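In this note's numbering, the protein residues as written are 671 to 1110. Every residue, glycine too, gets a C-beta built ideally from N, C-alpha and C. Since this is a predicted model, take the numbers as computed values, not measurements. Notes follow the structure.
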Ligand code: GDP
């Protein structure tokens, strides 16, 4: 996420390092590099210029040069300004109304349907709501099917009228259906086109007027850079929408859309999409994003994600197994699954302060556990329960079955062994001694 921008900003601040005394010239050079970094990230020229002007004014106002650590203060000023640029405070969505109606707008391919599903899933699992998804794309039968597939995967009902060619009617009927059947959220997915055209705009304006949604959200692909900003402007002129959803932030987007949209349409970014899976949705926190862009990590989000995945019941079961010496490869697999639910590895590494810089040149696979899972899946149930059974012959079979090398199987066995030993040490009576030795 925003790797290039982070990299360039880091280089900009490097100008200040290694200078015994920081001068106005160094600061000006740094800010010039900051501006260049923003332009390279596809931020509009005027926004980038205003950005550095404001940082410079603040730097002068706070007498940066006379402070003890001018470099750090300048980084802080840039961080504050980045936060402000992306919207300042976090913006929630309005869920008042029975039902609360949310209208999705945006171009075809922006990720509207996927996001509609993600939002329904989020509201259902995290906010205890009962959402109804509505398919209002009357042009592409495939789009209706796609929403049904999404709805099925998350256990959310999808309302559609495949024969009806009037999206206003479909949306209105859906709201009636929701009221009659106890749904408290209605998410209306609309038709998109490849580019802004009048017919599409008229249609969504009519739907908008007829159903008076509590929230109108504009979905945009962050990979489209400056175009994203122009499309946002066109939709905002017609709909005066309430918030922006930035999708595909997991790709190698340059970040320009995230950094420019707020200043152009003056509407907050409310959520971001960070993958194709239904769980890949994040509330957008401008300050946390600014910290990530500057390589400061995002520990708060990391801890939140870990907490979300933490299952007390499972943890207790696991403890018992370890105590009874029954920790096997199936449990190991469960642990991996838990970590995976927290997000993809690259994303997680980006949340650890300094880690994305340190691991810049390390190729992190999207699915870093692929081989481990394949190896475990090639073991028989009894082997998973009693790893001690796995001899050389079995290892060869497992390697063949999982398409890995015997060294990889050996390595996993060793890791597993070390992990089991460590867990036992922490758990058993010895663990208590260990704690005592450590002064606990
Ligand atoms: P729509 O035409 O606006 O409804 O767009 P879709 O929801 O069909 O999404 C278009 C494509 O983008 C699909 O292949 C999605 O899987 C993909 N997509 C949507 N959101 C994300 C995201 O946050 N990250 C990634 N990597 N892909 C996404």
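Any C-beta of chain C sitting closer than 8 angstroms to the C-beta of residue i?
i, result
"residue 1062", "As a matter of chain content, chain C is missing from the structure shown, which is built from one protein chain."
State buried or exposed for residue i, treating a residue as buried only when at least 16 other CB atoms are found within 10 Å of its CB.
i, result
"residue 686", "buried"
"residue 1121", "Residue 1121 lies beyond the residue range present for the chain, which begins at 671 and ends at 1110; the question has no answer from this structure."
"residue 715", "exposed"
"residue 1108", "Below a pLDDT of 50, predicted positions are generally treated as unreliable, and residue 1108, at 43, falls in that range; no measurement from the model is reported."
"residue 937", "buried"
"residue 712", "buried"
"residue 1066", "exposed"
"residue 774", "buried"
"residue 641", "Nothing about residue 641 can be reported from this structure: the residues present for the chain run from 671 to 1110 only."
"residue 959", "buried"
"residue 846", "exposed"
"residue 810", "exposed"
"residue 851", "exposed"
"residue 1018", "buried"
"residue 731", "exposed"
"residue 951", "buried"
"residue 1051", "exposed"
"residue 726", "buried"
"residue 798", "exposed"
"residue 1106", "Any reading at residue 1106 needs caution, since the residue's pLDDT is 47, under 50, leaving its predicted position unreliable; the model's value is listed next. Exposed is the call here."
"residue 875", "exposed"
"residue 791", "buried"
"residue 957", "buried"
"residue 864", "exposed"
So who's on the other strand from residue i, going by DSSP bridges?
i, result
"residue 805", "859"
"residue 942", "916 and 952"
"residue 888", "775 and 914"
"residue 770", "855"
"residue 828", "803"
Could you check whether the Cβ of residue i sits closer than 7 angstroms to any heavy atom belonging to ligand 3?
i, result
"residue 920", "Ligand 3 is not among the ligands present in this structure, which contains only ligand 1."
Assuming residue i contacts residue j under a Cβ cut-off of 8 angstroms, what Cβ separation, rounded to an integer in Å, is found between them?
i, j, result
"residue 745", "residue 683", "6 angstroms"
"residue 813", "residue 807", "4 angstroms"
"residue 804", "residue 844", "4 angstroms"
"residue 945", "residue 1014", "7 angstroms"
"residue 784", "residue 820", "7 angstroms"
"residue 771", "residue 881", "6 angstroms"
"residue 892", "residue 909", "That belief does not hold up - the Cβ atoms of residue 892 and residue 909 are roughly 20 angstroms apart, past 8 angstroms."
"residue 674", "residue 986", "No, residue 674 and residue 986 are not in contact; Cβ-Cβ is about 45 angstroms, not under 8 angstroms."
"residue 1043", "residue 1006", "7 angstroms"
Going by alpha carbons, who is nearest to residue i out of the options?
i, options, result
"residue 1151", "809, 940 and 1087", "Here the chain has residues from 671 to 1110 only, and residue 1151 is not among them."
"residue 1054", "998, 755 and 950", "998"
"residue 1061", "1072, 1074, 981 and 1080", "1080"
"residue 1090", "963, 1007, 1077 and 1057", "1057"
"residue 642", "1017, 1051 and 962", "The structure shown does not extend to residue 642, since the chain is modelled only from 671 through 1110, so no value can be given for it."
"residue 935", "955, 898 and 948", "898"
"residue 860", "854, 841 and 1078", "841"
"residue 742", "1012, 767, 680 and 817", "680"
"residue 740", "767, 706, 693 and 758", "693"
"residue 824", "789, 762 and 902", "789"
"residue 695", "729, 758, 895 and 718", "729"
"residue 755", "718, 905 and 765", "718"
"residue 697", "947, 829, 748 and 802", "748"
"residue 710", "724, 733, 721 and 678", "678"
Would you check if there are 3 or more beta carbon pairs closer than 8 angstroms linking the region 699-706 to the region 909-916? For the pair of segments examined, the region 699-706 was found not to touch the region 909-916: the number of CB pairs separated by less than 8 angstroms stays below three.
Contact between the region 880-893 and the region 925-941 is defined here as three or more beta-carbon pairs at a separation below 8 angstroms; is this criterion met? Between the region 880-893 and the region 925-941, the count of Cβ pairs shorter than 8 angstroms is three or higher; the stretches touch.
Are at least three pairs of beta-carbons, each pair with one atom in the region 775-784 and one in the region 926-936, less than 8 angstroms apart? Because the criterion of three Cβ pairs below 8 angstroms is not met, the region 775-784 and the region 926-936 do not touch.
The region 861-874 touching the region 827-836, judged by at least three CB pairs closer than 8 angstroms: They do not touch, by the three-pair rule.
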